[in-house]
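Residue numbers (the numbering used here), protein chains in the order written: chain A, 1 to 307; chain B, 1 to 500. Using N, Cα and C, we set each Cβ at its ideal position, and we do this for glycine too. Keep in mind it's a predicted model, so treat the numbers as computed, not measured.
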Amino acid sequence: MIPYIARRLVLAVPTVIGVVTLVFLLIHLVPGDPVDVMLGETARVADKVRLRHQLGLDHPLPVQYARYLSHLARADLGRSLYSGRPVRRMIMARYPATLELAGGALLLALLIAGPLGLAAGARPNSMLDSVSRALAVLGSAVPNFYLGPMLILLFAIHLEWAPVSGRDGLAHLALPALTLGMGMAAILTRMLRAALLDRLHDDYIRTARAKGASEKRVLLKHALRNAVLPVVTVLGLQTGALLAGTIITETIFAWPGLGRLTLLAIQTRDYPLVQGCVLVITLSYVLINLITDVLYGVVDPRLRVNS
Amino acid sequence: MLAAVAGCAPAPSLPPGYVAVGLENGPITLDPRFATDATASQIGDLLFDGLTRLDDQSRRLPQLAARWEVPDPQTYIFHLRDGFRFNSGEPVTAEDVRATYEAIRDPRTHSPKQQELDAIEAVDVLDPLTVRFRLRYPFAPFLNETGLGILPATQLAASPTKPLAQPIGSGPFRLLEFRADDRWVLARNPNYPLGAPRLAGVVFMEVPDALSRLLELKRGTIDLVQNGIDPDSLEWLREQSNIAIATAPSTTFQYLGMNLRAPPLSDVRVRQAIAHAIDRDAIVGTILKGLATPATGLLAPTHWAYSADVTTYAYNPKRAKELLDQAGYIDPDGDGPAPRFRLSYKTTVVELRRRIAEVLQEQLEQVGIRLDIRSYEWATFYNDIKRGNFQLYSLAWVGVEDPDIYFLTCHSSQTPPQGNNRGYFHEESVDGLTEAGRQTLNLSERRRLYGEVQRRVSQLLPIIPLWWPTNVAAMNRRLRGFELRPNGSYVSLKDAWVEE
Chain A
1 MIPYIARRLV LAVPTVIGVV TLVFLLIHLV PGDPVDVMLG ETARVADKVR LRHQLGLDHP
61 LPVQYARYLS HLARADLGRS LYSGRPVRRM IMARYPATLE LAGGALLLAL LIAGPLGLAA
121 GARPNSMLDS VSRALAVLGS AVPNFYLGPM LILLFAIHLE WAPVSGRDGL AHLALPALTL
181 GMGMAAILTR MLRAALLDRL HDDYIRTARA KGASEKRVLL KHALRNAVLP VVTVLGLQTG
241 ALLAGTIITE TIFAWPGLGR LTLLAIQTRD YPLVQGCVLV ITLSYVLINL ITDVLYGVVD
301 PRLRVNS
Chain B
1 MLAAVAGCAP APSLPPGYVA VGLENGPITL DPRFATDATA SQIGDLLFDG LTRLDDQSRR
61 LPQLAARWEV PDPQTYIFHL RDGFRFNSGE PVTAEDVRAT YEAIRDPRTH SPKQQELDAI
121 EAVDVLDPLT VRFRLRYPFA PFLNETGLGI LPATQLAASP TKPLAQPIGS GPFRLLEFRA
181 DDRWVLARNP NYPLGAPRLA GVVFMEVPDA LSRLLELKRG TIDLVQNGID PDSLEWLREQ
241 SNIAIATAPS TTFQYLGMNL RAPPLSDVRV RQAIAHAIDR DAIVGTILKG LATPATGLLA
301 PTHWAYSADV TTYAYNPKRA KELLDQAGYI DPDGDGPAPR FRLSYKTTVV ELRRRIAEVL
361 QEQLEQVGIR LDIRSYEWAT FYNDIKRGNF QLYSLAWVGV EDPDIYFLTC HSSQTPPQGN
421 NRGYFHEESV DGLTEAGRQT LNLSERRRLY GEVQRRVSQL LPIIPLWWPT NVAAMNRRLR
481 GFELRPNGSY VSLKDAWVEE
């Protein structure tokens, strides 16, 4: 297993470099000048030229790129153009909040999709199944920016069970995690149900039933273990998408996470901050993919890699 | 799961005597040497004192300085009051004033305010409570630079070029703590010489979404939201029993910018036609729900230099068509769909701006002008505007203080990239008047000069005035004594209190 993981990590390096390079090019070539944004309306041309030089923005692009990579090799993400603060510190101040939100959403999604998908797969075409399918469609179709305020109106304003926004404790996590996790719950429910129904026709299931195993044992011990594989795939892909979905949810719930920081950095053309945020997000994706691959090996012995 | 956490839904976590203010964007930095965003200066008024402060007519009143003299047009001597102390305990002295101004003037600091202090030759300490500014040339707008928040010389020496995370001020409140760009806690300064605040403190919270801000207000976790309120929310706000709404005039000026370098906009008759074609009352009434006043010029009526003796352009599509005909742009098919000419109109992606753009498009269509609306993300949009790459656009001047803004926007030397005369307006008489206006210190002479500028500008129309937005505050009824200031400052919180 270890050589497998090591090899995957090594393969991740060119991916990360590729993404970082692409983002570097895009953010530098897009119109909009960070010095303009920083110095504002009344600045003199000479001031801008001097600042541009001090920040190293007047060097040719390949030179700036080389400098960026050399700083990166020393784990130095530079300083935010706009606020002067170290990028790494700014990101580390916000990253845990995003992790908390994504983790909470993931957990909620599993808690909803697990039982619901299982029940629907066990009793296809029943009332429960129909309800679960309807909920799944609703969960996929309703966008974050609608679901969020609706949940706030119901749970925070009418019932006063949860706070409106902000990050201060477990209660504050409930609504944003639900908003973000709903879409994922919908997909996982359908995926689990479909995978289960697929597996329930296999030969070993018939064998188990013929041996006299209870339906519950058939479902949980035999069918589920095999059905989980495609669900793990979807889980891996969707968790990556979850990171992207945090931007809207963070805005609605005033959640101080990385998504909003990235958005603000792009709006102010804060090059080092944009690059730093994207780097962290890319590394997170790589890690999630790696964990997904390892999970495959755990769940299905046939997929354990033999070097 | 929700029921499980319902048990731990916390009561609003504000200490007694505190109020919470919801902000759309938090300040990037509160350090007065670097703070350029409006929020930073609005909050800064609570933390720092300047030599002078602004009154509601945009005139300068004493604050740190009890009085000042101008023995000659290039010398200002300020006499500081005794009794102001930084919240670190040290008294505020002339040396602190000198150090703050010198820090900004120092090119190594790269302060965005360096250009504003260009007129200063030297800052000298005459005695611990007297500071003298010598200017390189007579410069009437100089007093506007004396609102700058003063920092302790000791703190400046410790961090000469990097923005201070926790700048020390002498104001009615001090910065107690802040958390990762989304929360700033201000505590009362009980020793403030101009009257200690009644509030124990203020918490500023960043809540980026407009709807969430209002819902927090309804819930009671936020006590005050100033501006950033969607006009469509007003009706709902008025129905809430725990919320009061206040409105007051602002010094913000929303205008239509035009590129005067090329036809058809180079012809003043075309510009006047456009002004007549716009029904501003309709836009203010329906889209802005009455939260603005149709404007006659850059300076609002509250301003000391405001002149009402200007040409105004009432909604008159018939007159607009006449002017366009006179200018030689005949409508090819009368009232049919073909336009006289097309113009591109750049705006941002903000929903309100786009709705206004659509109405302008419709109104101009009525007189035979086809508007192509192009909306961009802010930095891209601003980039185009700064470079003069546009035909029409709409923007606002926020916090207009000195009439010298006419120099910056109308003088022929201030075209891009140098200044803000983005339309390339050039008129000899206006050049002369705005130059004279910045050199004479006599207030009534300045009023006369700028009155003439306003008159000329209203005739020649380098920009079309749209409206002065009204400042709106929605607050919890328990908050008393908060008054809206024309520049959106939160300074009146120092006189506010809560009634439970």
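Query - Residues, ordered as in the chain, of the region 133–159 of chain B that lie near chain A by beta-carbon distance below 7 Å - result: none
**Report entry** Proximal chain A residues relative to T380/B, where beta-carbon distance stays under 9 Å
**Finding:** V30, P31 and G32
Requested in this report: Using a Cβ cut-off of 7 Å (strictly closer), state whether P16/B contacts chain A.
Outcome: no
Query raised in the report: Between the beta-carbon of V19/B and the beta-carbon of D223/B, is there less than 7 Å?
Result: Cβ distance < 7 Å, so V19/B and D223/B count as in contact.
Requested in this report: Classify D31/B as buried or exposed, calling it buried when 16 or more other Cβ atoms lie within 10 Å of its own Cβ.
Outcome: buried
**Report entry** C-beta contact flag for E24/B and G228/B at 7 Å
**Finding:** yes
Query raised in the report: In or out: L204/A buried (at least 16 other Cβ within 10 Å) or exposed?
Result: It is Tyr, not Leu, that sits at residue 204/A in the sequence shown. The residue is exposed, with fewer than 16 neighbouring Cβ atoms inside 10 Å.
Requested in this report: Using a threshold of 7 Å, state whether the C-beta atoms of R477/B and N242/B are closer than that.
Outcome: yes
Query raised in the report: Between which two residues does the alpha helix (DSSP H) containing V202/B stretch?
Result: First-last for V202/B: G201 to E206, but that is the beta strand (DSSP E), not the alpha helix (DSSP H).
Query raised in the report: Going along chain A, which residues have a C-beta under 8 Å from M205/B?
Result: G166 and A254
Query raised in the report: Does any CB atom of chain A fall closer than 7 Å to the CB of I28/B?
Result: yes
Query raised in the report: L204/A by DSSP, collapsed to three states: which one?
Result: First, the residue type needs correcting, since residue 204/A is Tyr and not Leu in the sequence shown. DSSP places Y204/A in helix when its eight states are reduced to three.
Report task. Mind checking the region 61–94 of chain A against chain B and listing, in chain order, the residues whose C-beta falls within less than 7 Å of any C-beta there? Result -> Residues passing the 7 Å Cβ filter: Y82, S83, G84, A93 and R94.
Query raised in the report: R8/A to I104/B, Cα distance in whole Å?
Result: Distance between the alpha carbons of R8/A and I104/B is about 52 Å.
Query raised in the report: Apart from the five residues on each side of it in sequence, which residues of its chain come closer than 6 Å, Cβ to Cβ, to Q226/B?
Result: A473
Query raised in the report: In chain C, which residues lie with their C-beta within 9 Å of the C-beta of T221/B?
Result: Chain labels in this structure do not include chain C; the protein chains are A and B.
Query raised in the report: From N124/A to D198/A, what distance separates their C-alpha atoms?
Result: In the sequence as presented, Asn is not what sits at residue 124/A; that position holds Pro. Straight-line Cα distance between these residues: approximately 11 Å.
Query raised in the report: Is the shortest distance between the beta-carbon of E216/B and the beta-carbons of chain A less than 7 Å?
Result: yes
Query raised in the report: In chain B, what lies closer than 8 Å to R260/A by C-beta?
Result: P208
**Report entry** chain A contact for H79/B (CB, 7 Å cutoff)
**Finding:** no
Query raised in the report: Grouping DSSP H, G and I as helix and E and B as strand, with all else coil, what is D279/B?
Result: If DSSP states are grouped into helix, strand and coil, D279/B belongs with coil.
Query raised in the report: Which residues of chain B have a Cβ atom closer than 7 Å to the Cβ of P149/A, listed in chain order?
Result: When 7 Å is used as the limit between beta carbons, P149/A is near these residues of chain B: L211, in chain order.
Query raised in the report: Are A185/A and I112/A closer than 7 Å when you measure CB to CB?
Result: yes
**Report entry** Assigned secondary structure, R59/B (DSSP; H/G/I helix, E/B strand, else coil)
**Finding:** Secondary structure at R59/B: coil, using DSSP grouped into helix, strand and coil.
Query raised in the report: Taking A200/B as the reference, which of P208/B, R108/B, N189/B and V207/B has the closest Cα?
Result: N189/B
**Report entry** Span separating the alpha-carbon of I369/B from that of R261/B
**Finding:** 19 Å
Report task. Along the beta strand (DSSP E) that carries H79/B, what are the first and last residues, could you check? Result -> T75 to L80
Report task. Following the continuous beta strand (DSSP E) through F173/B, name the residue where it begins and the one where it ends. Result -> F173 to R179
Query raised in the report: Using the C-alpha atoms, what's the distance from L392/B back to L461/B?
Result: 13 Å
Report task. Measure the C-alpha to C-alpha separation of G7/B and I157/A and round it to an integer number of angstroms. Result -> The predicted position of G7/B is uncertain, since its pLDDT is 40 and thus under 50; no value can be drawn from it.
Query raised in the report: Expressed to the nearest angstrom, what Euclidean distance is found between the alpha-carbon atoms of I91/A and D76/A?
Result: Between I91/A and D76/A, the C-alpha separation is close to 12 Å.
**Report entry** Run of the beta strand (DSSP E) containing W467/B, from where it starts to where it stops
**Finding:** According to the DSSP assignment, W467/B belongs to the beta strand (DSSP E) that extends over I463 to N476.
**Report entry** Whole-angstrom distance between R183/B and L106/A, CA atom to CA atom
**Finding:** Looking at the two C-alpha atoms, the distance is approximately 27 Å.
Query raised in the report: Where DSSP assigns a beta bridge to V21/B, which residues make up the other side?
Result: Beta-bridge pairing by DSSP links V21/B to F204/B and L224/B.
Query raised in the report: Is the Cβ-Cβ distance between T52/B and T146/B less than 7 Å?
Result: Yes, the pair counts as a contact, with Cβ atoms nearer than the cut-off.
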